[in-house]
Amino acid sequence: MELKYQNALVTGAAGFIGFHLAKRLLDNGCQVIGLDNMNPYYDVALKEARLVELKKEANFEFAEADLSDRRQLEDLFAQQELDVVVNLAAQAGVRYSLENPYAYVDSNLVGFVNLLECCRHNKLKHLVFASSSSVYGANTQMPFSIHHNVDHPVSLYAATKKANELMAHTYSHLYRLPCTGLRFFTVYGPWGRPDMALFLFTRAILEDKPIKVFNHGKMQRDFTYIDDIIEGVVRVMGRLPEANPKWSGDTPDPGTSSAPYKIYNIGNNHPVELIQFIEVVETALGKRAKKEFMDLQPGDVVATYADVDDLMEDVGFKPATPIEVGVKRFVEWFKDFYGIR
Numbered sequence: 002m003e004l005k006y007q008n009a010l011v012t013g014a015a016g017f018i019g020f021h022l023a024k025r026l027l028d029n030g031c032q033v034i035g036l037d038n039m040n041p042y043y044d045v046a047l048k049e050a051r052l053v054e055l056k057k058e059a060n061f062e063f064a065e066a067d068l069s070d071r072r073q074l075e076d077l078f079a080q081q082e083l084d085v086v087v088n089l090a091a092q093a094g095v096r097y098s099l100e101n102p103y104a105y106v107d108s109n110l111v112g113f114v115n116l117l118e119c120c121r122h123n124k125l126k127h128l129v130f131a132s133s134s135s136v137y138g139a140n141t142q143m144p145f146s147i148h149h150n151v152d153h154p155v156s157l158y159a160a161t162k163k164a165n166e167l168m169a170h171t172y173s174h175l176y177r178l179p180c181t182g183l184r185f186f187t188v189y190g191p192w193g194r195p196d197m198a199l200f201l202f203t204r205a206i207l208e209d210k211p212i213k214v215f216n217h218g219k220m221q222r223d224f225t226y227i228d229d230i231i232e233g234v235v236r237v238m239g240r241l242p243e244a245n246p247k248w249s250g251d252t253p254d255p256g257t258s259s260a261p262y263k264i265y266n267i268g269n270n271h272p273v274e275l276i277q278f279i280e281v282v283e284t285a286l287g288k289r290a291k292k293e294f295m296d297l298q299p300g301d302v303v304a305t306y307a308d309v310d311d312l313m314e315d316v317g318f319k320p321a322t323p324i325e326v327g328v329k330r331f332v333e334w335f336k337d338f339y340g341i342r
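Residues 2 to 342 in the working numbering are what the sequence shown spells out, letter by letter.
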């Protein structure tokens, strides 16, 4: 069933993916309410710069609020007539979850149940929410499929994302709330997060500082360009999840349900070794990196690789931007944004 939407709530709108999605929806003529708590996990000035871009559009409205504040969220839903919610707000980062676990509980668990309650009581047409490739955890069967069991997370961040999937499924089952979860694979591109590898590498190389190369460069990641992520999100937004008539409790399929619930991977379907990725960054910058080779960090997985067959079958799209193209675009944005000649 196809959904036509006019009024969308995008949580995490000042964040990397939220900003790009809000921009795309605004370009499509959608009325967008962007919610963000503007937390200082990374440079708030970057979030503010993204908001400046969004506020240029007449059909954008910004609400500074926190998902963990139930009253704020209830008031927002009471004031708006929403068709669809895309939840991209979360405490991000695998390694930070080892340092500050409570931030993940407040944002990713308490915040998410508050959102589910608001969606349920306001009879929302569709909730689309960000999960993560991190949920595959200790799995080593490649490529990662939505039909694989994902019960062995290796970081609290991953555990909260898995919990989001379970919580959404429960609401879908109990209240027939249509929910679609999206497992993103290592997203990169212009306006990206400063705590992510590409941003860190680019800044360090330009400043003649060494970069940390974890797992001695042997990690593999399914680097996925932001425009591909957004195309996937928009297509999924317009497709209401339906119950799988073949779903059976005797042989339960983790990726579908007897409820209106579905999970998709959105990844480039082409894992790249970290050392190769660094070479692409060096080429785009025309400058060699000083490398500090280090062991695998707690909470990290060795490889990610997305099976996107379900995404292709249901919405006719799969990411395909080569890293050479995506990294070059990021470097151009980075130099322009920071005034580097």
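All C-beta atoms, glycine included, are put in the ideal place defined by N, C-alpha and C.
Given the structure is predicted, the values throughout are model-derived calculations rather than measurements.
Beta-bridge partners of residue i, as assigned by DSSP
i, result
"D37", "E65"
"C180", "L128, Y262"
"R307", "The sequence given here has Ala at residue 307, not Arg. In the DSSP output, where bridge partners are listed per residue, A307 has F145."
"E333", "E333 pairs with nothing; no bridge assigned."
"A9", "V33, V85"
"E293", "K213"
"E274", "Q221"
"F185", "S133, I267"
"A339", "According to the sequence as given, residue 339 is Tyr; it is not Ala. Paired residue(s): none; Y339 is not in a bridge."
"Y226", "Y189"
Buried versus exposed, by CB contacts within 10 Å (16 or more), residue i
i, result
"A9", "buried"
"V328", "buried"
"T252", "exposed"
"D296", "exposed"
"P320", "buried"
"F224", "buried"
"F338", "exposed"
"K211", "The amino acid occupying residue 211 in the given sequence is Pro; Lys does not appear at that position. Exposed, by the Cβ-count rule."
"D209", "exposed"
"Q7", "exposed"
"Y172", "buried"
"G340", "exposed"
"K217", "Before going further, note that residue 217 is His rather than Lys in the sequence given. Its Cβ having fewer than 16 others within 10 Å, H217 is exposed."
"H170", "buried"
"S249", "exposed"
"K5", "exposed"
"A104", "buried"
"V326", "exposed"
"R177", "exposed"
"R184", "buried"
Minimum C-alpha distance to residue i - residue among the options
i, options, result
"G317", "L297, V234, D70", "V234"
"D196", "V302, A321, A93", "A93"
"R71", "G30, A46, K48, N115", "N115"
"T284", "S69, R330, H149, V303", "R330"
"H174", "E243, E49, Q32, E325", "E243"
"M313", "Q277, V326, E325, S146", "S146"
"F17", "I231, V281, I324", "I231"
"V11", "Y43, S249, Y226, L74", "L74"
"A307", "H148, P41, L47, R240", "H148"
"R194", "S133, R177, D67, Y42", "Y42"
"I276", "L199, D28, K162, D107", "L199"
"N29", "N266, L47, S108, R236", "R236"
"F130", "K219, G300, K162", "K162"
"A50", "R177, F185, T187, F20", "F20"
"F278", "T203, Q298, N245, K247", "T203"
"G300", "H153, M238, F185", "H153"
"T187", "N266, F335, R342", "N266"
"I324", "D229, L201, K219", "D229"
"Q298", "F335, E280, K219, P246", "K219"
Distance CB(residue i)-CB(residue j) smaller than 9 Å
i, j, result
"T181", "I264", "yes"
"L1", "M168", "Only positions 2 to 342 of the chain appear in this structure, which leaves residue 1 out of reach."
"V214", "L286", "no"
"E65", "I34", "no"
"G13", "A139", "no"
"G268", "T322", "no"
"P191", "P261", "no"
"Q221", "V151", "no"
"Y189", "V302", "no"
"C119", "F78", "yes"
"P144", "N270", "yes"
"D44", "A15", "no"
"V282", "I227", "no"
"N40", "N109", "no"
"V95", "S132", "no"
"D67", "G112", "yes"
"D315", "R240", "yes"
"M238", "V106", "no"
Neighbour flag for residue i against chain C, beta carbons, 9 Å
i, result
"D308", "Absent here is chain C; the protein component of the structure consists of one chain."
task: Please confirm if the region 287-299 is in contact with the region 245-257, defined as three or more CB-CB distances below 8 Å between the two stretches.
output: Contact between the region 287-299 and the region 245-257 is absent: fewer than 3 CB-CB pairs across the two stretches fall below 8 Å.
- prompt: Are the region 47-65 and the region 15-26 in contact at 8 Å, needing three or more beta carbon pairs?
  reply: At 8 Å Cβ cutoff, the stretches touch.
- prompt: Counting pairs of beta carbons, one from the region 94-101 and one from the region 144-160, are three or more of them closer than 8 Å?
  reply: Cβ pair count under 8 Å is three or more, so yes.
- prompt: Counting Cβ pairs, one atom from each stretch, are 3 or more of them under 8 Å apart for the region 73-84 and the region 118-136?
  reply: With three or more CB-CB distances shorter than 8 Å, the region 73-84 counts as touching the region 118-136.
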